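Colleague: Below is a structure I'd like to ask you about.
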Amino acid sequence: MSDHVTNRARVIPLRPAAPEPSSTVPTADAPARAPRPPVLVPRRGPVAPAGPAPTGKEPLWRDLVGDVLRRERLAQERTLKDVAEAARISMPYLSEVERGRKEASSEVLAAAARALGLGLTDVLSLAQRELTRHTRAESVRGRSASARSSAARYDGMCLAA
Numbered sequence: 268m269s270d271h272v273t274n275r276a277r278v279i280p281l282r283p284a285a286p287e288p289s290s291t292v293p294t295a296d297a298p299a300r301a302p303r304p305p306v307l308v309p310r311r312g313p314v315a316p317a318g319p320a321p322t323g324k325e326p327l328w329r330d331l332v333g334d335v336l337r338r339e340r341l342a343q344e345r346t347l348k349d350v351a352e353a354a355r356i357s358m359p360y361l362s363e364v365e366r367g368r369k370e371a372s373s374e375v376l377a378a379a380a381r382a383l384g385l386g387l388t389d390v391l392s393l394a395q396r397e398l399t400r401h402t403r404a405e406s407v408r409g410r411s412a413s414a415r416s417s418a419a420r421y422d423g424m425c426l427a428a
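Structure representation (C-alpha cells):
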C-alpha cells in the first residue's frame, strides 16, 4: 500500500464565507445572512493631549523631571546635543524626556544628571520641590475659591463677644 499525501493544506474557515454580491437575495438553498459588522480601525495619534497638564490636576512626574532637566541645561547655556553626547543618550530621546513625552529610566536620568554636573538625588529633589510648590499653589487656590463661595453664601455681619 502506498500512502499518497497531497501537498494541499486543509483550511478550516473561522467564519462563513461572505456571500457573492449577486447572491444577496436569500434563496431556499442559502438562508439569509446577517450583515457583517463594520471593521473598527484604531485611531492613530497622540493618546494624551499635548502641552501642559490642565489646572486642578497634579502634574505628571515625567513632566516635572523634564522641566528640571531642561531648566538646568538652559541655566548652564548648554545645547541639547552637548548634554545628550555627554550623557550618551540620543538627542531626540533626551528632547522627549525634557518635554515629558517619555518616562525615562533611573539609569537615563542619572546619566543626564551627571552630564549636567548634578546627582540623581539633586534632580529628583528639585522635581519634588516643584511638585510641592504646585500642590501648595493648587490648595491655596482651592481655599480662596471656597472662601469666596462661603462669603457669598453668608454675606452679613458677625459679632463676637
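Following this note's numbering, the numbering of the sequence shown begins with 268 at its first residue and continues without gaps. Cβ coordinates follow ideal geometry from the N, Cα and C atoms, glycine included. Only a predicted model underlies this, so the values are computations on that prediction, with no experimental measurement involved.
#1: Nearest-angstrom Cα distance between A380 and L341?
#2: Please report the residue range of the alpha helix (DSSP H) in which G333 lies.
#3: Can you tell me whether R400 is buried or exposed? The criterion is at least 16 other CB atoms within 10 Å of its CB, across all chains shown.
#4: Identify whether P371 lies in helix, strand or coil by the three-state DSSP scheme.
#5: As a quick exercise: from E405, G384 and L398, pick the residue whose alpha carbon is nearest that of Q343.
#6: Is S373 near L387, with beta carbons less than 8 Å apart?
#7: Is DSSP giving S362 helix, strand or coil here?
#8: Enumerate in chain order the residues of its own chain whose CB-to-CB distance from L398 is below 8 Å, with the five nearest sequence positions on each side excluded.
#9: Return the CA-CA distance between V407 and R338, expressed in angstroms with no decimal places.
#10: Using a 10 Å radius around the Cβ and a threshold of 16 neighbouring Cβ atoms, would you call E365 buried or exposed?
#11: What do you get for A404, buried or exposed, if any count of 16 or more other CB atoms within 10 angstroms of its CB means buried?
#12: Apart from the five residues just before and just after V390, which ones in its own chain have a Cβ nearer than 7 Å to its Cβ?
#13: Verify the contact flag: A394, CB atom, against every heavy atom of the ligand COA, threshold strictly below 7 Å.
Modeller: Straight from the coordinates:
#1: Here residue 380 is taken as the residue at index 113 of the sequence shown, counted from 1. Here residue 341 is taken as the residue at index 74 of the sequence shown, counted from 1. Straight-line Cα distance between these residues: approximately 13 Å.
#2: As a position in the sequence shown, residue 333 is number 66, starting the count at 1. Note, G333: alpha helix (DSSP H), W328 to A342.
#3: Residue numbering aside, residue 400 sits at position 133 when the sequence shown is read from its first letter. By the 10 Å Cβ count, R400 comes out exposed.
#4: Start at 1 with the first residue of the sequence shown, and residue 371 comes out as number 104. Looking at the sequence shown, residue 371 is not Pro but Ala. If DSSP states are grouped into helix, strand and coil, A371 belongs with coil.
#5: Taking the sequence shown and counting its residues from 1, the one referred to as residue 343 is at position 76. Among E405, G384 and L398, the Cα nearest to that of Q343 belongs to G384.
#6: The count along the sequence shown starts at 1 and reaches residue 373 at position 106. The count along the sequence shown starts at 1 and reaches residue 387 at position 120. A contact, by the Cβ cut-off of 8 Å.
#7: Here residue 362 refers to the residue found at position 95 when the sequence shown is read from its first residue. Helix, per DSSP.
#8: Stepping through the sequence shown from its first residue, residue 398 is reached at position 131. Result list for L398: E325, P326, W328 and L331, in chain order.
#9: Mapped onto the sequence shown, residue 407 falls at position 140. Mapped onto the sequence shown, residue 338 falls at position 71. Using only the alpha carbons, I get a separation of about 25 Å.
#10: Locating residue 365 in the sequence shown gives position 98, counting from the first residue. Label assigned to E365: buried.
#11: If you number the sequence shown from 1, residue 404 lands on position 137. By the neighbour-count rule (16 or more Cβ atoms within 10 Å), A404 is not buried but exposed.
#12: Residue mapping note: residue 390 aligns to position 123 of the sequence shown, counting from 1. Once the five neighbours on either side are set aside, the close Cβ partners of V390 are V332, V335, L336, L376 and A380.
#13: No copy of the ligand COA appears in this structure; indeed no ligand is present at all.
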